[in-house]
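Each remark here refers to the structure printed beneath this line.
There are 2 protein chains.
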Amino acid sequence: MRPPAVPEKSLAPVEAPAAVAASGPRRRRKDARPSELTAAALELFVEKGFAATRLDDVAKRAGVSKGTLYLYFDSKEALFNAAVEEGIVPHMVAAEERIADFDGSAAELLRELLFGWWEQIGGTRLAGIPKLVISESRNFPDIAQYYHDKVIVRGRALLRAALLRGVASGEFRPLDVETVIDVIIAPLLMLVIWKYSLCFCGTESDPQRYLTTHFDLLVRGLRPEGSPLGGRPEESPAGAGSQGGEA
Amino acid sequence: MRPPAVPEKSLAPVEAPAAVAASGPRRRRKDARPSELTAAALELFVEKGFAATRLDDVAKRAGVSKGTLYLYFDSKEALFNAAVEEGIVPHMVAAEERIADFDGSAAELLRELLFGWWEQIGGTRLAGIPKLVISESRNFPDIAQYYHDKVIVRGRALLRAALLRGVASGEFRPLDVETVIDVIIAPLLMLVIWKYSLCFCGTESDPQRYLTTHFDLLVRGLRPEGSPLGGRPEESPAGAGSQGGEA
DNA sequence: ACCTACTGACTGACCGGTCAGTAATGTATC
DNA sequence: GATACATTACTGACCGGTCAGTCAGTAGGT
């Protein structure tokens, strides 16, 4: 009836269980399993979306069977929650700690936030999470709410602190702070969304230049009327190597 | 066997066939059907995503049965394509025409592009399309490619023209034009994505202020060193009513 | 021998897609 | 203006494949 040997080798030629391959024959991994599963799930959810991701594929990518998945998670949705949560929270905490004891100008703090975000989130595989949340938030409002509370609110707080510091010191002009925060965040999100959605489209200017241009436009736009470009001297005209891109 | 009168009234209590309701008993609508169906499909695809949208629901919302749907479209994917295409192309053409015979400063042209986009796309139900494309592009690369060719490329061309005009006239400093385009577009896309994904989260600063802040930051960031704020006098400090928003 | 992590065949619901049938409308004939 | 036939827009029960979730059973560890 069914092939006796070669249990699942014939299928899954591409997505071999990368995370697990070298860990002995197979069994006895109760402690490591959940994170292996959430990691595999996160990849596939980002890639295909929630509804189009099959749990068989998640299990296969983690190197186990679907049954095992249900030993650790009650449902597909629970797995989804766990994958998002596990991916996010530790990094938010880390970011807050890094920023807490930062001393420097407001522009430098802003720069640290932007490029630090790229180092820790935007440039890693975690960058798929925003796209995932955006895609699925209508179907999973609680995920969106969780993401909002645990990521958006806290991220905005970090930016708000930097902006208010700049305004207080006179480094920035008076601002509609909350709206400026939106305008700062948007290009960051688009950067990762682009990467996970339309990346193939050729127009792939490198993120460093993109971030630099964004930061440069920003500090020029924020400083008071007639004020010179402050900050470190070594990053002088920044962002614009005159005519960089593909015209 | 089936209820003779009240053909499908009992179902669909919420999503009544709004577009069709008042058009006589029901039949003989061959010409109007396709656009009714694509409109219903677009709404549901935006709302739930492609995979999670059921064709029964699309048909129900358009006030017909699923069978009828297959008289006009070969498959779910064909419906998806048609919905996206029908929603987009006419508006791109219109935008290009409106811009073609625009005379004014580069900043004014930029302003026209931003706010015109909001009038024609961002503020309408078409705004759901970018979210849809982003969510599904991995699963439907041809849709993404189509969107890229017919919307992104042409939209970028409009912005490019405005920026190059400004650089040529000295109104803007020399720029990494392509990257600046990215930075201009990103907040626009995020505005509509936000609306269709995380809108419930309370932080709903109105789009007009958001666009104004974005535009204001932009022209300040783009103008050459030491240049005064040009453009119309009546929009003087713009974007920042000092401390507008919440907190 | 017992435990326990794990398996994978199974099921039941769901949904894309089909098609035989139905009811309006149009048209021909008287 | 009525009756019969033809056409066409549409219906909804049905089918087959897919997949989330289950559970009796297996195999490694102790």
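Protein sequence lines, in the order shown, are assigned to chains L and Y.
Using our numbering, you'd call the opening residue of the first sequence number 33 and step up by one each time.
Using our numbering, you'd call the opening residue of the second sequence number 33 and step up by one each time.
Virtual Cβ for every residue (Gly too), placed ideally from N, Cα, C.
Fair warning: this is a prediction, and the values are worked out from it, not measured in the lab.
- Leu220 of chain Y and Leu221 of chain L have their C-alpha atoms some 12 Å from each other.
- Asp181 of chain Y sits in a helix when the DSSP states are folded into three classes.
- The criterion of a C-beta distance shorter than 7 Å is not satisfied by Ser229 of chain Y and Ser229 of chain L.
- Contact check between the stretch 169-181 of chain Y and the stretch 107-122 of chain Y: three or more CB pairs, one atom from each, fall below 8 Å, which counts as touching.
- Inclusion of Ile216 of chain L and Leu191 of chain L in the CB contact set at 7 Å is warranted, their separation being smaller than that value.
- Pairing Val78 of chain L with Gly160 of chain L gives a Cβ-Cβ distance under 7 Å.
- Here Val90 of chain Y is near Ala73 of chain Y, since their CB atoms are less than 7 Å apart.
- In this structure Ala126 of chain L is not in contact with Ser201 of chain L, their Cβ atoms being roughly 27 Å apart against a cut-off of 8 Å.
- With a beta-carbon spacing of about 16 Å, Ile225 of chain Y and Ile213 of chain L fall beyond the 8 Å limit used to define contacts.
- When 9 Å is used as the limit between beta carbons, Ser67 of chain Y is near no residue of chain L, the shortest such separation being about 24 Å.
- Pro162 of chain Y and Glu210 of chain Y have their C-alpha atoms some 20 Å from each other.
- Of all residues in the stretch 79-113 of chain Y, only Glu79, Lys80, Gly81, Ala83, Ala84 come within less than 7 Å of chain L when Cβ atoms are compared, listed by chain position.
- In this structure, Y:Leu223 is the residue among Y:Leu254, Y:Gly253, Y:Ser107, Y:Leu223 with its C-alpha nearest to the C-alpha of Pro239 of chain Y.
- For the stretch 114-157 of chain Y, not one full-length beta strand (DSSP E) segment reaches 3 residues or more.
- Interface annotation, Ser229 of chain Y: in contact with chain L, CB-CB separation under 7 Å.
- Residue environment: Asp208 of chain L is assigned as buried (16 or more neighbouring CB atoms within 10 Å of its CB, all protein chains considered).
- Between Asp63 of chain Y and Leu101 of chain Y, the alpha-carbon positions lie close to 13 Å from each other.
- Comparing C-alpha distances from Ala189 of chain Y to each of Y:Glu128, Y:Phe134, Y:Glu257 shows the shortest one belongs to Y:Glu128.
- DSSP places Gly198 of chain L in the helix class (H, G or I) of the three-state scheme.
- Secondary structure at Ala218 of chain Y: helix, using DSSP grouped into helix, strand and coil.
- Boundaries cannot be given for Ala83 of chain Y, as no alpha helix (DSSP H) includes it and DSSP labels it neither H nor E.
- Counting along the chain, Ser97 of chain L sits inside no alpha helix (DSSP H), nor does DSSP assign it H or E at all.
- Within 10 angstroms of the beta-carbon of Val185 of chain Y lie fewer than 16 other beta-carbons, which makes it exposed.
- Per DSSP, Arg241 of chain Y is one residue of the alpha helix (DSSP H) stretching across 239-254.
- Burial of Thr245 of chain Y is indicated by the presence of at least 16 other C-beta atoms within 10 angstroms of its C-beta.
- Check the Cα spacing between Pro122 of chain Y and each of Y:Glu68, Y:Arg241, Y:Phe134, Y:Leu158: the tightest is with Y:Leu158.
- When the five nearest sequence neighbours on each side are left out, the beta carbons in the same chain lying within less than 7 Å of the beta carbon of Leu76 of chain L are those of Thr85, Asp89, Val90, Arg93, in order along the chain.
- For Gly154 of chain L, the closest Cβ of chain Y is not nearer than 7 Å.
- Against chain Y, the CB of Ile216 of chain L has no partner CB under 7 Å away; the residue lies outside that interface.
- Between the alpha carbons of Glu203 of chain L and Gly136 of chain L lies a distance of about 12 Å.
- Counting of Cβ neighbours within 10 angstroms places Glu68 of chain Y among the buried residues, the total reaching 16 or more.
- Taking a contact as a CB-CB distance under 8 Å, the pair Arg252 of chain L and Gly198 of chain Y does not count as one, their CB atoms being some 15 Å apart.
- Taken in chain order, the members of the stretch 202-213 of chain Y whose beta-carbon sits within less than 9 Å of a beta-carbon on chain L are Arg205, Pro206, Leu207, Asp208, Val209, Glu210, Thr211, Val212, Ile213.
- Straight through space, the alpha carbons of Leu164 of chain Y and Gly187 of chain L are spaced by roughly 25 Å.
- Here Gly148 of chain Y has Ala127, Arg130, Ile131 as same chain residues with Cβ atoms under 8 Å from its own Cβ, once five neighbours each way along the sequence are excluded.
- Distance from the CA atom of Arg205 of chain L to the CA atom of Lys80 of chain Y, rounded to whole angstroms, is 42 Å.
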